[in-house]
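Residue numbers (full-length UniProt numbering), protein chains in the order written: chain A, 1 to 299; chain B, 1 to 299.
Below is one structure, written out as structure tokens; comments come after it.
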DNA sequence: CCTGGAAATCGAAGAATTCAATTTTGCCGG
DNA sequence: CCGGCAAAATTGAATTCTTCGATTTCCAGG
């Protein structure tokens, strides 16, 4: 006859292996200890092997237990993923998201594509703009706003820290071509004012007593980065969003340090729709694990 | 709360998708139709979507059903594999297998390695030899014998058909170097007499009126094939076991056709031990699907 | 308008699961 | 050598789930 080993028995084994004890697994699964005990016995009967070597002090997996646990983990993970996918399909309605330029064009496209694929009934509208504009329209035009702000700003939910760094073309020599010789001013390509990074950069240069000259100014991040990548000027980028062709500059390159940035998610006050919550979860997961650069070394 | 969707519900969906009807799925799963119906209802409640579009004439998957079915299939497959692995671990005891030379050295090593890995408590003893010796010792020295025999022999359980073909080095030109010019005799490398392929080959050449000369004779398949691969002579191989370096010759090359071979499994009469049965199943699966050459064209 | 095949529904019987309480187990400190 | 203790096993009863046969509903085709 066909044996069907229920998911809860597998999950039971997986949880015991994680927690290292029947009692703690019971707590984690909101079951009594006796239930866990009998589930293990049932599982072992069905599998036909002792899976766990019990003693009052520790629970150890047997050989067969190791093997079966591998399958159980994969099965439980697939099961949970299947339910996530099913749940995602039932979320519907509009969400209006506003994102600052660089994330909208560099980091998020793929993530947002995955989101709309897995949430077929959500109508997602994305607007691109600058942090200071976007936040004022939160709650009216936008349900969710993703911004860059100075580390420690306090507003919104911080999803990720990013180092803010100077960058130039990876094919050119900084000191020779942009003159870090104190003789010639540093040539810069920056976003048009008013812009936070522009202000940080100029302030830092002034504080360090370096001379500079703005060679290129644009409201398009793409244009600014392309200019820097061409080797004509130095710019400022988030470490995590730098495109190929740009070399990130560290302290060794002689440029002043810049304040750290953080990526924050701002929700419209009031009741969040399921679609909003789903998008929040999605962004949180994508950005939180993605690449927190705050604790890493130079590139 | 954690939803655990039992394997039997998933298997139910998988079976319905296969059979295309609740009633047929019920029969396949040894359940009543009402049970299937309520399982589907429960599954749909847990998943939160209608999965099947029912009508008295056909059952169709919804979008959500398609998606979930993909997971269900994978989960059920993993589940069944896990049980297979667990079952394999409990098979124990000795098995004595005898295999003809070429399969023992070319086809089976990997298969047998997988077998012992998945059946850690089986003691497998493999003997290599020639078909005619091995069969006489079946039941005494051997529990299982794998042989090559002429197609249609009738003994044993046929696992696979193999074309029997002439072969020479893939870097040499047959007609020039081994003289298929009717002037010079065909140079041969064959297994030592008595050997079935040797007899087939010489008989076929004689029948075709071709002259031949045995250049090399050995009881080692490896030595014979190496000799052929070196370009010094032509030999006879099973199409499925030819090593790289050998070119299989077809009718176009001017050599006479050889009888087809079949690979057959012979079991010692009497009660088969679980270990024997496990090995039989394993060989059957490995060889049956492997590469039946009987219906394919020239190589 | 009936009919047939297929799914849904219903109610009852039975099986399986859960839990709290209790017992057993093996180790540790005194 | 002997409690004590923490953890797993067992027990038994209550509850919940599952299954099944019987019956009903549904729809397409004759």
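By construction, the Cβ of each residue, glycine as well, lies at the ideal position given by its N, Cα and C atoms.
Item to check | C-beta neighbour in chain A for residue 90 of chain B, strict 7 Å | outcome: Any Cβ of chain A closer than 7 Å to the Cβ of residue 90 of chain B would place that residue at the interface, and such an atom is present.
* Asked: Relative to the alpha-carbon of residue 30 of chain B, which residue among A/37, A/59, A/50, A/3 has its alpha-carbon at the smallest distance?
  -> With distances taken between Cα atoms, residue 30 of chain B lies closest to A/3.
Counting only Cβ pairs nearer than 7 Å, list the residues of chain B close to residue 85 of chain A. Within 7 Å Cβ-Cβ: 67.
message: Relative to the C-alpha of residue 314 of chain B, which candidate in B/243, B/166, B/289, B/28 has its C-alpha closest?
response: Any answer about residue 314 of chain B is impossible in this case: the structure gives chain B only from 1 up to 299.
Buried or exposed for residue 57 of chain B, going by 16 or more other Cβ atoms inside 10 Å? Classification of residue 57 of chain B: exposed, given that the 10 Å Cβ count is below 16.
Worksheet item: Under a CB-based cut-off of 7 Å, is residue 93 of chain B close to chain A?
Response: Among the CB atoms of chain A, none fall inside 7 Å of the CB of residue 93 of chain B.
**Asked** In chain B, what lies closer than 8 Å to residue 78 of chain A by C-beta?
**Response** Those are 71, 74, 75, 78, listed as they occur along chain B.
What is the rounded straight-line gap between the Cα of residue 128 of chain B and the Cα of residue 252 of chain B?
-> Straight across, the Cα-Cα distance linking residue 128 of chain B with residue 252 of chain B is about 34 Å.
query = Residues of chain A with CB under 8 Å from residue 4 of chain B, in chain order?
reply = The answer, in chain order, is 6, 7, 8, 11, 79.
Requested in this report: Starting from residue 159 of chain A, follow the beta strand (DSSP E) in both directions and report where the run begins and ends.
Outcome: Looking at the DSSP string, the run of the beta strand (DSSP E) that includes residue 159 of chain A is 157-162.
*Between which two residues does the beta strand (DSSP E) containing residue 263 of chain A stretch?*
It spans 261-267 - the beta strand (DSSP E) in which residue 263 of chain A sits, taken as one unbroken run.
When you compare only the Cα positions, how much space is there between residue 260 of chain B and residue 223 of chain B? Looking at the two C-alpha atoms, the distance is approximately 23 Å.
*Nonlocal neighbours in the same chain, by C-beta distance under 6 Å from residue 143 of chain B, ignoring five residues either side*: The residues are 95, 96, 268, 276.
Quick check on residue 47 of chain A - is its C-beta less than 7 Å from some C-beta in chain B?
So yes, residue 47 of chain A belongs to the interface.
request  = Find the residues of chain B that neighbour residue 64 of chain A, judging by a C-beta separation of less than 8 Å, and give them in chain order.
outcome  = Within chain B, the residues near residue 64 of chain A are 86, 89.
request  = Keeping to the same chain, check which residues put their C-beta closer than 8 Å to that of residue 50 of chain B; ignore five residues upstream and five downstream.
outcome  = Once the five neighbours on either side are set aside, the close Cβ partners of residue 50 of chain B are 44, 62, 64, 65.
Legend entry - Straight-line gap, residue 288 of chain B to residue 281 of chain A (C-alpha atoms, nearest Å): Taking the Cα positions, residue 288 of chain B is about 49 Å away from residue 281 of chain A.
Next on the checklist: Could you give the first and the last residue of the continuous alpha helix (DSSP H) run that contains residue 33 of chain A?
Outcome noted: 33-47 is the span of the alpha helix (DSSP H), which, as asked, contains residue 33 of chain A.
Item to check | residue 89 of chain B (DSSP reduced to helix, strand or coil) | outcome: The DSSP-derived three-state label of residue 89 of chain B is helix.
task = Just the C-alpha distance for residue 184 of chain A and residue 220 of chain A, rounded to the nearest angstrom, thanks.
result = The C-alpha of residue 220 of chain A is placed about 27 Å away from the C-alpha of residue 184 of chain A.
Terminal residues of the continuous alpha helix (DSSP H) containing residue 115 of chain A? Annotation: the continuous alpha helix (DSSP H) that includes residue 115 of chain A extends over 108-118.
- Backbone CA spacing between residue 297 of chain A and residue 113 of chain A [nearest angstrom]: Residue placement at residue 297 of chain A is poorly supported in this model, since its pLDDT is 36, which falls under 50; the coordinates still yield a value, given next. Take the alpha-carbon of residue 297 of chain A and the one of residue 113 of chain A: they are about 31 Å apart.
Practice prompt. Note down the Cα distance separating residue 13 of chain A from residue 93 of chain A, rounded to an integer number of angstroms.
Written response: If I take the Cα positions, the gap works out to 39 Å.
Considering only the alpha carbon of each residue, which of B/193, B/264, B/89 lies closest to residue 159 of chain B? For residue 159 of chain B, the closest C-alpha among the options B/193, B/264, B/89 is that of B/264.
### Message
Using a Cβ-Cβ cutoff of less than 8 Å, which residues in the same chain neighbour residue 32 of chain B once the five nearest sequence positions on both sides are dropped?
### Response
Within the same chain, residue 32 of chain B has close Cβ partners 26.
| Using the C-alpha atoms, what's the distance from residue 147 of chain A back to residue 244 of chain A? | Answer to the nearest angstrom: the Cα atoms are 23 Å apart.
Ignore the nearest five residues each way along the sequence and tell me which others in residue 150 of chain A's own chain have a CB closer than 6 Å to its CB. Hits under 6 Å: 259.
Discussion item. List, in chain order, every chain A residue whose beta-carbon is nearer than 8 Å to that of residue 303 of chain B.
Written reply: Any property of residue 303 of chain B remains undetermined from this structure, which presents chain B solely from 1 to 299.
Does residue 149 of chain B come out as helix, strand or coil in the three-state DSSP assignment?
Looking at residue 149 of chain B - three-state DSSP - the assignment turns out to be strand.
#### Entry: Collapsed DSSP secondary structure at residue 82 of chain B in the structure displayed
It is helical.
Tell me the residue span of the alpha helix (DSSP H) that contains residue 207 of chain B. Here the alpha helix (DSSP H) through residue 207 of chain B covers 196-208.
Tell me the rounded alpha-carbon separation between residue 71 of chain B and residue 157 of chain B. In a straight line, the C-alpha of residue 71 of chain B is about 37 Å away from that of residue 157 of chain B.
Selection from B/35, B/208, B/236 that minimises the alpha carbon distance to residue 214 of chain B = Residue 214 of chain B has its Cα closest to that of B/236, out of B/35, B/208, B/236.
7 Å Cβ cut-off: residues of chain A touching residue 113 of chain B: Chain A residues near residue 113 of chain B: none, gap ~17 Å exceeds 7 Å.
message = Can you check whether the C-beta of residue 302 of chain A is within less than 7 Å of a C-beta belonging to chain B?
response = Outside the shown range of chain A, which is 1 to 299, sits residue 302 of chain A, and nothing can be said about it.
*Consult DSSP for residue 1 of chain B and reduce its assignment to one of helix, strand or coil.*
Correct three-state label for residue 1 of chain B: coil.
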